[in-house]
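Student: The structure's right below; bear with me while I get my questions together.
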Amino acid sequence: MKHDPSRAIFEMKQFGEFGDVNPSITDSATYTFLQAKTMADTFHGEAEGCFLYSRHWNPSNKYLADVLAAMEGTQEAWVTASGMAAITSAILQLCNAGDHIVSSVTTYGGTFAFMQNYLPKFNIKTTFVDITDLAAVRKAITPDTKLIYTESMTNPLLQISDIPALAAIANEYNVILMVDNTFTPMIIQPAALGAHVVVYSMTKFINGKNDCVAGAICGSREFISSLIDVNNGTAMLLGPALDPLRSSGILKNMHTLHIRMQQHSKNAMYLAVKMKEAGLKISYPGLPEHKGHEIMKSQMNPDFGFGGMLSIDMVTSERASRFMELMEMHDVGYLAVSLGYFKTLFSNSGKSTSSEVPQEVQHDMGLSEGLVRFSVGLDHDIEHTWNSIEKCLKMME
Ligand code: PLP
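Okay, so the sequence shown: first residue is 1 according to the working numbering, each after it adds one.
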C-alpha cells in the first residue's frame, strides 16, 4: 500500500504527562538521573528513552521529529533552529575537506551562497548544473563527489527534479542524494523516491504561520545518530537545536498540513489558469505546458495537488516592483520573502531570495529580472483575489 503522509501523522499517538491530548512541553536544558551509570550510558547513546541535554535531544523536539519521520517514511528525523541549519549541518556531516558536491544551480539563494562562498573555506567545491539535465549531472561527478543536492521543486524557477533518476545516478556512483522538499511537503516524498537525506525549512508550509524559523533533517537512524554524536556530530557540536516551545507549536500545525496543502494547491491552480488565460508568462508545475509537469505527475501524491508556488515574468524589475506594490495595496497579499503562509506572499526573486546568485548566473539559468514568485495563500474566495490581481494588471497598462 502506498505511504500516506497524512495518515501517518494522524495515526501518531503522543500524549502529555497527564493524558493531555497534546504532548507536554519540556522546557529544560538539562535532565537529572538517579544513577550515575545511566547518565554515562546516555552519553554513549546506550540508554533508551533517557535525555541528557537539550542541544542533543529534547522530548518536545523528539515528538516533532517522530511525526516528521512518519510523514517522510524515514527511520528518523532531527529538528533544527532554521532551514539553513538543517541544510548546512547535513552537508557538513557528509562532506569532508577535499570533497565535491554536484548541486542544482537553482536552489534557495542561501544554499547557493553556502556552497559557492562558504564551503570553499573547507576546500569543499561545488559544481552547479541544470538538475533537469541528467547527462550534465552525470558529467559533473568526479571521484571526489560525495553528494548530489537538489530541491524537489526548485526555488525560484519551479523546475521539477526527477528524484528516482537522480537516486539511480547517486547509487551508481555511491554518493548521497540530498533533497530539499520545502516547497512540496506531502506532495512529494523524496525518501520514498530514493533520496537518502531529506531536508526542510519548516519556516514555510510545514509550520504555515510565519511565526518562527525552523528546519528538519530526515534520514536513516545511522545518519541521524551520526549528526548528534557527542564526539563528532555536526549538529551536536555546532548546536543548532530548535527551541522546544517552538517545536510544540509546529507539531500542532503539522496536523493541519494536509488540508492546508490541498487549499494552497487548489488556489494556485485557479490563479495559474486565470493568469495563463490573461496572457501572462506564467510558470506553474500544474499546467500541462510546464516542462516538469509529467515528471511531477509521475512522482507526486495527487491528493495534495501541484503545490502553492507559481511565478510570472513581468520582464523588468521595475514592472515587477510596481505590480507587487499595487497587489499589496489591493489586498492580494504581502510583498514579502518566504512562503507557505496563510496569506499570499510575493517577491521579486532576483532582487531578494536569489540575490546571492550573481547576475550572470541568474541570466544563464534563465532567471528573469522581472520574475515575481508567488506563494499562494489559503484564501476562501480566490475568485475575488483574481479580480483584485486583474485590477492591478489593468493599472499597469
Ligand atoms: N530551502 C528553501 C527551498 C528555502 O526557500 C529556504 C528559505 O527561504 C530555506 C531552505 C532556508 O530556510 P530558513 O529560512 O528556515 O533557514
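Idealized CB from N, CA, C, for every residue including glycine.
If you're wondering where the values come from, they're calculated on a predicted model, not measured in any experiment.
(1) Which of the three DSSP states, helix, strand or coil, is assigned to Thr184?
(2) Give a single yes or no on whether Glu151 has its beta carbon closer than 8 Å to a heavy atom of ligand 1.
(3) Can you give me the Cβ contacts of Trp57 inside the same chain, cut-off strictly under 6 Å, excluding the 5 residues immediately before and after it?
(4) Should Ile259 go down as buried or exposed, given a rule of 16 or more other Cβ atoms within 10 Å for buried?
(5) So what's Lys125 in DSSP terms, helix, strand or just coil?
(6) In whole angstroms, what separates the C-alpha of Glu404 from that of Ser6?
(7) Quick check: the region 280-298 against the region 244-254, are there 3 or more CB pairs under 8 Å?
(8) At the level of alpha carbons, what is the spacing between Ile217 and Asn207?
(9) Where do the ends of the alpha helix (DSSP H) carrying Val175 lie?
(10) State the DSSP-derived secondary structure class of Ile131, mapped to helix, strand or coil.
(11) Going by C-alpha to C-alpha distance, which of Ala214, Arg246, Pro244, His196 sits closest to Ile224?
(12) What's the C-alpha gap between Tyr108 and Gln35?
(13) Check each candidate in Ala47, His100, Lys281, Phe43 and name the one with the smallest Cα separation from Arg55.
(14) For Ala336 and Ser321, what's the separation of their Cα atoms in angstroms?
(15) For Asn117, report the span of its beta strand (DSSP E) as first-last.
Tutor: Quick look at the numbers:
(1) coil
(2) yes
(3) Phe51
(4) exposed
(5) strand
(6) For the chain, the structure presents residues 1 to 397; residue 404 sits outside this window and is missing.
(7) no
(8) 15 Å
(9) First-last for Val175: undefined, no H or E at that position.
(10) coil
(11) His196
(12) 47 Å
(13) Phe43
(14) 12 Å
(15) Run containing Asn117: none; DSSP gives neither H nor E here.
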